[in-house]
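K.L.:
Could you have a look at this structure, given as structure tokens, before my questions?
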């Protein structure tokens, strides 16, 4: 148990930043991200030997993290979460690329949790349909559907934003 | 088809750059380890507490009654406030204070802070009795307003308008923002954007106050009465508080989630613990300022 504790502590110190990054991208809230990560690790700790002996402990924990996020047990987290990129962090940023990045993340944050999780696993971690299906506990076809619908929703929001900008622009000119 | 590809590319770029730019809050890894290794003990404590609840509740009721009598006598024996001076914030004995002003009436931290207001923050620390004195005759900085203010004053017993001993409801009214528990008795604004890059929180039932910078960028300026602010060099702590002593965590106290080191300033009514960014936590810049009754409390993961 003591050896396991040491390994666990070392693992957390080495990987807390990247795991926190995953949690933050999913929850869009610093408080919710920390709580999600905290709860995930607390649940995994009793069976840490199994985690440590897996091919990739980081991937194992990340899968558990995403699973915890998607699961209905995260009700309190969702209540606390702020589904938007914190405005405070955007202050002073004027670069168009940053603005665009934030817009994409904001649109992503508006998607349902399962769609969001599927898109994050595919486009951030390059997971296959089968791997995503295992984490989300669904069929491969469902994963394809989640990703497809997610992309459609993102594009639709993109088009709406573009339309709105064009309307605003016309309004200013007229 | 091209649109799909463009959306995919935008998403991939946004996600990868966001993941790279995320900065974890200070002490996160320690807190995670501590939390994971403690749940069984916490449950046990909760179960035991349930068994002793009637006894504890009776004792608490007696204390409240006794305190109420003392406060009433004290209030009757003191002169009334001069009209025009600010209303004192509730003292630590207020279990359900009526006067913490709603957010609209809490004075803005940008407004000049009168000495009367400043003294109201620390009613239990008479001048001269503190182990550490405030520097010179300069008035303390402003910052006794709601947590949404751009500057907040942190003392050993308060953060902004929230004071030690307040109930959660009173603390929320005083803070002027919605507060929520994140577990382990730690309470923060539910709106993550409050404070910007400065995280504000209290714990252990408004016993311990903590302000820390989770990442760079703009955020609420948190400052002590001696003018030491979050983000200042740690060297300034020693000049402002000559009696600041190096703090090293007691190895027999708590686990890895506790603060390992820092600079400690003792007052009559508690301590201020400054935590730096250097490996020994006594150098670099100030990443966290904690106000609590004791050094142990201030250094605890649960603070």
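Residue numbers (this note's numbering), protein chains in the order written: chain A, -6 to 167; chain B, 16 to 318. We put the CB at the ideal spot given by N, CA and C, even for glycine.
Could you check whether the Cβ of residue 190(B) sits closer than 8 Å to any Cβ belonging to chain E?
P.N.:
In the structure shown, chain E cannot be found, because the protein chains are A and B.
K.L.:
Using the beta-carbon of each residue, which ones in chain A are nearer than 7 Å to residue 40(B)?
P.N.:
As a working mapping, residue 40(B) is identified with position 25 in the second chain. Those are 23 and 27, listed as they occur along chain A.
K.L.:
By how many angstroms is the C-alpha of residue 30(A) removed from the C-alpha of residue 38(B)?
P.N.:
To locate residue 38(B), count along the second chain from 1; it is residue 23. To locate residue 30(A), count along the first chain from 1; it is residue 37. The alpha-carbon atoms of residue 38(B) and residue 30(A) are separated by roughly 14 Å.
K.L.:
Let's see if you can read the secondary structure: which residues bound the alpha helix (DSSP H) around residue 252(B)?
P.N.:
Numbered from 1 along the second chain, position 237 holds the residue referred to as residue 252(B). It spans 250 to 255 - the alpha helix (DSSP H) in which residue 252(B) sits, taken as one unbroken run.
K.L.:
Using a Cβ-Cβ cut-off of 6 Å (strictly less than) and excluding sequence neighbours within five positions of residue 33(A), which residues of its own chain qualify?
P.N.:
In the first chain, residue 33(A) corresponds to position 40, counting from 1. Around residue 33(A): 57, 58 and 61.
K.L.:
Just reading off the beta strand (DSSP E) that residue 237(B) is part of, what are its end residues?
P.N.:
As a first step, residue 237(B) is located in the second chain; it is residue number 222 there, counting from the start. Its beta strand (DSSP E) spans residues 236 to 238.
K.L.:
If you check the beta carbons only, do residue 234(B) and residue 301(B) fall under 8 Å apart?
P.N.:
As a working mapping, residue 234(B) is identified with position 219 in the second chain. As a working mapping, residue 301(B) is identified with position 286 in the second chain. In this structure, residue 301(B) does not lie closer than 8 Å to residue 234(B) by Cβ.
K.L.:
Cutting at 7 Å between CB atoms, please list the residues of its own chain near residue 122(A), excluding the five before and the five after it.
P.N.:
Locating residue 122(A) in the first chain gives position 129, where the first residue counts as 1. Only 133, 136 and 137 meet the Cβ criterion.
K.L.:
For residue 311(B), which of 299(B), 297(B) and 279(B) has the nearest alpha-carbon?
P.N.:
As a working note, residue 311(B) is residue 296 in the second chain. The candidate whose alpha carbon is nearest that of residue 311(B) is 279(B).
K.L.:
Quick one: Cα of residue 113(A) to Cα of residue 19(B), how far?
P.N.:
Working through the first chain from its first residue, we reach residue 113(A) at position 120. Working through the second chain from its first residue, we reach residue 19(B) at position 4. Taking the straight line joining both Cα atoms gives about 16 Å.
K.L.:
Is residue 264(B) helix, strand or coil when you go by DSSP?
P.N.:
Reading the second chain from its first residue, position 249 is the one you call residue 264(B). Residue state, collapsed to three classes: coil.
K.L.:
Give me the chain A residues within the contact set of residue 30(B), using Cβ-Cβ distance strictly less than 7 Å, ordered along the chain.
P.N.:
For the purposes of this step, residue 30(B) is taken as the residue at position 15 of the second chain. Residues of chain A passing the Cβ test: 18, 113, 116 and 117.
K.L.:
In this structure, what does DSSP give as the bridge partners for residue 223(B)?
P.N.:
Numbered from 1 along the second chain, position 208 holds the residue referred to as residue 223(B). Bridge partners of residue 223(B): 218(B).
K.L.:
Below 8 Å on the Cβ atoms is my contact criterion, and I expect residue 174(B) with residue 224(B) to pass it. Report the Cβ-Cβ distance as a whole number of Å.
P.N.:
Here the question's residue 174(B) lines up with position 159 in the second chain. Here the question's residue 224(B) lines up with position 209 in the second chain. Indeed they touch by this definition, with Cβ atoms about 4 Å apart.
K.L.:
Just verifying my parser: in three-state terms, what is the DSSP assignment at residue 294(B)?
P.N.:
Along the second chain, one-based indexing puts residue 294(B) at 279. Here residue 294(B) sits in coil by DSSP.
K.L.:
In chain order, what residues of the same chain have a beta carbon less than 7 Å from the beta carbon of residue 297(B), not counting five sequence neighbours either side?
P.N.:
Position 282 of the second chain, counted from the first residue, corresponds to residue 297(B). Result list for residue 297(B): 249, 261, 276, 277, 278 and 291, in chain order.
K.L.:
Can you tell which of 24(A), 11(A), 17(A) and 15(A) has its C-alpha closest to the C-alpha of residue 209(B)?
P.N.:
Numbered from its first residue, the second chain carries residue 209(B) at position 194. Checked all of 24(A), 11(A), 17(A) and 15(A); the closest Cα to residue 209(B) is 24(A).
K.L.:
Got a sec: is the Cβ-Cβ distance from residue 174(B) to anything in chain A below 8 Å?
P.N.:
Counting from one through the second chain, the residue named residue 174(B) turns up at place 159. By this cut-off, residue 174(B) is not an interface position.
K.L.:
Determine the burial state of residue 149(A): buried for a count of at least 16 other Cβ atoms within 10 Å of its Cβ, exposed for fewer.
P.N.:
In the first chain, the residue the question calls residue 149(A) occupies position 156. Per the 10 Å Cβ criterion, exposed.
K.L.:
Check each candidate in 35(A), 3(A) and 52(A) and name the one with the smallest Cα separation from residue 51(B).
P.N.:
Position 36 of the second chain holds residue 51(B). Nearest C-alpha to residue 51(B): 35(A).
K.L.:
By the 10 Å Cβ neighbour count, where 16 or more other Cβ atoms means buried, how is residue 186(B) classified, buried or exposed?
P.N.:
For the purposes of this step, residue 186(B) is taken as residue 171 along the second chain, with counting starting at 1. Buried, because 16 or more other Cβ atoms sit within 10 Å of the Cβ of residue 186(B).
K.L.:
Taking DSSP as the reference, what is the three-state secondary structure of residue 204(B)?
P.N.:
Locating residue 204(B) in the second chain gives position 189, where the first residue counts as 1. Correct three-state label for residue 204(B): strand.
K.L.:
Does any CB atom of chain A fall closer than 8 Å to the CB of residue 166(B)?
P.N.:
Counting from one through the second chain, the residue named residue 166(B) turns up at place 151. With 8 Å as the cut-off, residue 166(B) does not count as an interface residue toward chain A.
K.L.:
Does the beta carbon of residue 129(A) sit closer than 8 Å to a beta carbon anywhere in chain B?
P.N.:
Mapped onto the first chain, residue 129(A) falls at position 136. Not one chain B Cβ lies under 8 Å of residue 129(A).
K.L.:
Does DSSP put residue 276(B) in a helix, a strand or coil?
P.N.:
Position 261 of the second chain, counted from the start, is the residue given in the question as residue 276(B). Strand, per DSSP.
K.L.:
Should residue 27(B) be flagged as near chain A, meaning a C-beta pair shorter than 8 Å?
P.N.:
In the second chain, residue 27(B) corresponds to position 12, counting from 1. Judged by the 8 Å Cβ criterion, residue 27(B) is in contact with chain A.
K.L.:
I'd like to know if residue 22(B) contacts chain A, where contact means its C-beta is closer than 8 Å to some C-beta of that chain.
P.N.:
Against the second chain, residue 22(B) aligns to sequence position 7. Cβ-Cβ to chain A under 8 Å: yes for residue 22(B).
K.L.:
Here's the rule: buried if 16 or more other CB atoms are within 10 angstroms of the residue's CB, otherwise exposed. What is residue 49(A)?
P.N.:
Position 56 of the first chain holds residue 49(A). Residue 49(A) is exposed by the Cβ-count criterion.
K.L.:
Taking 8 Å as the threshold (beta carbon to beta carbon), is residue 144(A) in contact with chain B?
P.N.:
Indexing the first chain from 1 puts residue 144(A) at position 151. True, the Cβ-Cβ gap to chain B drops below 8 Å.
K.L.:
Using C-beta distances below 6 Å, list every residue in its chain close to residue 141(A), excluding the 5 sequence neighbours before and after it, in chain order.
P.N.:
Within the first chain, the letter at position 148 stands for residue 141(A). Excluding residues within five positions, none has a Cβ falling inside 6 Å.
K.L.:
Measure the C-alpha to C-alpha separation of residue 20(A) and residue 283(B) and round it to an integer number of angstroms.
P.N.:
For this step, residue 20(A) is matched to residue 27 along the first chain. For this step, residue 283(B) is matched to residue 268 along the second chain. Cα to Cα, the separation comes out at about 42 Å.
K.L.:
In chain A, what lies closer than 7 Å to residue 44(B) by C-beta?
P.N.:
Stepping through the second chain from its first residue, residue 44(B) is reached at position 29. Ordered by position in chain A, the residues that pass the 7 Å Cβ test against residue 44(B) are 5, 6 and 9.
K.L.:
Residue 117(A) by DSSP, collapsed to three states: which one?
P.N.:
Residue mapping note: residue 117(A) aligns to position 124 of the first chain, counting from 1. Reduced to three states, the DSSP call for residue 117(A) is coil.
K.L.:
Return the residue from the list 307(B), 22(B), 29(B) and 313(B) that minimises the CA-CA distance to residue 178(B).
P.N.:
Here residue 178(B) is taken as the residue at index 163 of the second chain, counted from 1. The candidate whose alpha carbon is nearest that of residue 178(B) is 307(B).
K.L.:
At least one CB of chain B closer than 8 Å to the CB of residue 126(A): is that the case?
P.N.:
Sequence index remark: in the first chain, residue 126(A) carries index 133 (1-based). No - not a single Cβ of chain B is within 8 Å of the one on residue 126(A).
K.L.:
Is DSSP giving residue 22(B) helix, strand or coil here?
P.N.:
Reading the second chain from its first residue, position 7 is the one you call residue 22(B). In this structure, residue 22(B) counts as helix in the three-state DSSP scheme.
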